[in-house]
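Notes follow the structure.
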Amino acid sequence: AQSVTQPDIHITVSEGASLELRCNYSYGATPYLFWYVQSPGQGLQLLLKYFSGDTLVQGIKGFEAEFKRSQSSFNLRKPSVHWSDAAEYFCAVRGGDTGRRALTFGSGTRLQVQP
Amino acid sequence: NAGVMQNPRHLVRRRGQEARLRCSPMKGHSHVYWYRQLPEEGLKFMVYLQKENIIDESGMPKERFSAEFPKEGPSILRIQQVVRGDSAAYFCASSPGASVSHNEQFFGPGTRLTVL
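First to last, the protein sequences are chains A and B.
Following the numbering used here, the numbering of the first sequence begins with 459 at its first residue and continues without gaps.
Following the numbering used here, the numbering of the second sequence begins with 512 at its first residue and continues without gaps.
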């Protein structure tokens with residue numbers, strides 16, 4: 459069964475500082491990986507996705523993530539955080555070409571940004 | 512081009528009543544997914560439907576919950592005889608179709624169900 463672990467429940471960073479949110483997944487084959495962001499009371503917005511190819515993927519709002527197969531990780535990074543980035547971030551995995559379509563989500567990391 | 516639409520956005524029910532949650536996928540999308548988010552938790556998959564077919568319902572509770580996606584009209588998630596533990600945010604997502612490159616899921620704003 460596939461699973462996703464986000465080890466950090468809460469993270470606080472200062473505005474302008476760099477950010478890295480951790481995500482580890484468990485899946486038997488090549489996974490499809492996603493990062494979503496959720497603002498309070500809102501739905502989920504896709505930040506970026508990895509299907510295949512270049513293991514460093516660029517997303518919206520200046521975010522990027524790197525797929526590391528050897529570590530089963532897909533960590534999200536941003537070089538300089540803005541106050542508007544405060545939100546909850548979810549990593550998700552689903553099966554590849556012939557796998558299950560449903561997404562399996564981690565429990566989320568809540569990001570606070572200090573001025 | 513409107514995104515995924517869900518209504519109502521907020522729904523209050525008393526224990527034992529029925530809750531009906533509606534989801535209109537993005538234009539051109541024929542696949543719908545329902546997820547549930549309990550307070551302080553991530554989203555959990557419930558059911559995956561195509562028009563007139565349930566493809567994967569492995570995440571649906573065995574009793575009181577049902578889902579449909581008719582040929583015409585929105586997808587409906589129905590919860591009968593609601594209990595307090597059903598209080599959650601229910602999200603719908605849609606995707607275009609079977610092609611691998613089109614399997615990104617677009618999420619609606621959610622319906623927040625409160626059971627009194």
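Beta carbons are placed, not taken as given, at the ideal position from N, Cα and C, and that holds for glycine.
In this text the structure is predicted, and so the values were computed from the model without any measurement.
| Asked | Found |
| --- | --- |
| Pick out whichever of A:Thr488, A:Phe492 and A:Asp512 has its Cα sitting closest to the Cα of Leu592 (chain A). | The structure shown does not extend to residue 592 (chain A), since chain A is modelled only from 459 through 573, so no value can be given for it. |
| When you compare the CB of Phe521 (chain A) with every CB in chain B, is at least one pair closer than 7 Å? | no |
| Could you say which of A:Gln460, A:Ala545, A:Ala523 and A:Cys481 lies nearest to Asp466 (chain A) if we only look at CA atoms? | A:Cys481 |
| In chain A, which residues lie with their C-beta within 8 Å of the C-beta of Pro620 (chain B)? | Gln500 and Gly501 |
| What residue range is occupied by the uninterrupted beta strand (DSSP E) comprising Ile566 (chain B)? | Asn564 to Asp567 |
| What is the rounded straight-line gap between the Cα of Phe570 (chain B) and the Cα of Phe556 (chain B)? | According to the sequence as given, residue 570 (chain B) is Gly; it is not Phe. Rounded to the nearest angstrom, the two C-alpha atoms are 6 Å apart. |
| For Phe525 (chain A) and chain B, any beta-carbon pair shorter than 7 Å? | no |
| Can a CB atom of chain B be found closer than 7 Å to the CB of Arg568 (chain A)? | no |
| Does the separation of the CB atoms of Gly619 (chain B) and Gly501 (chain A) fall below 7 Å? | yes |
| Name the chain A residues that come within less than 7 Å of Leu588 (chain B), Cβ to Cβ? | Going along chain A, no residue has its Cβ under 7 Å from Leu588 (chain B), so there is no contact; the nearest lies around 15 Å. |
| Tell me the DSSP secondary structure of Ser530 (chain A) in three-state form. | coil |
| Can you give the Cα-Cα distance for Ser497 (chain A) and Gln548 (chain B), rounded to whole angstroms? | 14 Å |
| For the segment 478-523 of chain A, list the beta strand (DSSP E) runs that are entirely contained and at least 3 residues long, ordered along the chain. | 482-484, 490-496, 502-508 and 514-516 |
| How many whole angstroms separate the CB atoms of Gly621 (chain B) and Ala600 (chain B), which I take to be in contact at a CB cut-off of 8 Å? | 5 Å |
| Anything in the segment 528-548 of chain A with a Cβ closer than 8 Å to a Cβ of chain B? List those residues in chain order, please. | Phe548 |
| Flag Leu532 (chain B) as yes if its beta-carbon sits less than 7 Å from any beta-carbon of chain A, otherwise no. | no |
| Are there 16 or more other CB atoms within 10 angstroms of the CB of Trp541 (chain A), so buried, or fewer, so exposed? | exposed |
| Please specify which runs of the beta strand (DSSP E), each continuous and at least 3 residues long, are wholly inside the segment 571-624 of chain B, giving them in chain order. | 576-579, 586-590 and 599-606 |
| Leaving out five residues before and five after Glu529 (chain B) in sequence, what residues of the same chain have Cβ atoms less than 6 Å from its Cβ? | Gln591 |
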